[in-house]
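Notes to accompany the following structure.
Numbering (the working numbering), first residue to last: 385 to 727.
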């Protein structure tokens with residue numbers, strides 16, 4: 385009797401064990417598809433304040449991704465240099481310690497020069513031109529080329545045409561630039577541009593501009609109009625000249641391995657949402673710039689239009705020669721943009 389009960393117990397255990405193994409096997413198969421139903425959270429960093437166009441575009445992007453994925457993908461945004469400066473975050477995205485970011489295109493020079501064409505001086509000089517430029521095949525080729533540095537380029541966002549702020553004088557001719565200690569982004573292109581204009585370019589992270597103006601380490605800087613308010617640059621800048629010398633685009637990027645680990649459906653959602661957010665922010669910027677000028681003038685800021693633009697354009701021609709010779713895609717972009725401006 386005892387033996388019968390023992391064998392019955394053993395048989396039950398064997399049956400239960402088999403059922404358990406079957407269940408585990410089924411679960412593992414479901415996970416291997418990469419579509420387990422769990423929410424995917426992507427951490428995205430950028431350098432500007434949460435009122436800046438960078439952040440507005442990031443919020444729009446996150447909203448679109450969440451909506452299109454029915455809540456399965458969430459973008460967690462870290463603004464205001466919480467995760468480091470542009471250079472730091474680009475490196476973190478490349479090595480996979482950060483998922484994604486809106487990274488200013490200027491700092492890509494250290495890894496690849498391909499995006500330098502977007503900021504050749506006085507080339508893309510309006511939001512209308514920028515918007516049409518984004519639709520060209522050249523931009524798509526540039527984004528695809530970023531895979532060489534282990535990031536997936538999803539879209540290019542604009543954050544505002546740049547203008548020079550100075551504590552010395554208004555900038556109305558290249559003569560006013562001579563010896564001017566001006567902060568530039570940590571990019572060979574930026575240094576080359578302002579060297580050609582006769583200034584003394586000083587590369588430094590975005591987060592150091594305010595204190596450097598305040599202490600006299602630099603005489604001048606250049607920024608988009610919302611930044612004068614968001615970063616309170618107006619408090620330490622006496623003159624603003626509306627030079628409109630180039631846009632300030634950022635690349636919406638994600639670590640390439642992270643992107644490749646997603647399902648095709650989720651990859652498509654990220655790409656579509658990124659491009660929609662990019663178009664959306666350009667429309668917003670037109671209004672934001674007008675409002676920023678009104679607010680800055682109301683605060684007593686000394687603002688002037690640039691009157692002698694051609695003299696600046698002439699001075700920076702060697703920059704075009706250098707960068708178009710070094711990269712075929714940059715040469716292609718120059719031709720595309722000039723065609724757009726002729727229309």
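All residues carry an ideal CB built from backbone N, CA and C; glycine is no exception.
Top-ranked residue by Cα proximity to residue i, from the options
i, options, result
"residue 664", "443, 435 and 425", "443"
"residue 492", "633, 657 and 647", "633"
"residue 702", "725, 577, 647 and 541", "577"
"residue 438", "696, 461, 500 and 654", "461"
"residue 505", "616, 709, 723 and 698", "698"
"residue 646", "430, 463 and 483", "483"
"residue 648", "453, 722 and 707", "453"
"residue 560", "717, 690 and 684", "690"
"residue 495", "458, 570, 566 and 431", "570"
"residue 476", "707, 639 and 464", "639"
Whole-angstrom distance between residue j and residue i, CA atom to CA atom
i, j, result
"residue 700", "residue 574", "11 Å"
"residue 543", "residue 610", "9 Å"
"residue 688", "residue 433", "26 Å"
"residue 399", "residue 536", "Per-residue confidence for residue 399 stands at a pLDDT of 42, beneath the threshold of 50, marking its modelled position as unreliable; the derived number appears in the next sentence. Spanning the two alpha carbons is a distance of roughly 49 Å."
"residue 498", "residue 714", "7 Å"
"residue 406", "residue 423", "Caution applies to residue 406, whose pLDDT of 37 falls short of 50 and renders its modelled position unreliable; the value that the coordinates give is listed next. Those two C-alpha atoms are separated by around 26 Å."
"residue 641", "residue 486", "17 Å"
"residue 629", "residue 547", "7 Å"
"residue 526", "residue 455", "30 Å"
"residue 489", "residue 449", "23 Å"
"residue 637", "residue 524", "13 Å"
"residue 627", "residue 696", "9 Å"
"residue 480", "residue 507", "34 Å"
"residue 545", "residue 635", "16 Å"
"residue 473", "residue 427", "11 Å"
"residue 514", "residue 538", "17 Å"
Exposure of residue i, with buried meaning 16 or more beta-carbon neighbours within 10 Å
i, result
"residue 652", "exposed"
"residue 659", "buried"
"residue 532", "exposed"
"residue 705", "exposed"
"residue 682", "exposed"
"residue 503", "buried"
"residue 501", "buried"
"residue 429", "buried"
"residue 709", "exposed"
Delimiting residues of the beta strand (DSSP E) encompassing residue i
i, result
"residue 535", "535 to 542"
"residue 659", "Segment 648 to 682 is the alpha helix (DSSP H) holding residue 659; no beta strand (DSSP E) there."
"residue 568", "565 to 568"
**Asked** Are the stretch 547 to 564 and the stretch 622 to 635 in contact at 8 Å, needing three or more beta carbon pairs?
**Response** yes
**Message:** With a threshold of 8 Å, are at least 3 pairs of Cβ atoms found where one atom belongs to the stretch 583 to 595 and the other to the stretch 508 to 527?
**Reply:** no
**Request:** Pair every Cβ in the stretch 460 to 477 with every Cβ in the stretch 596 to 609, then say whether three or more of these pairs are closer than 8 Å.
**Result:** no
**Asked** Do the stretch 667 to 682 and the stretch 556 to 563 meet, that is, are 3 or more Cβ pairs less than 8 Å apart?
**Response** no
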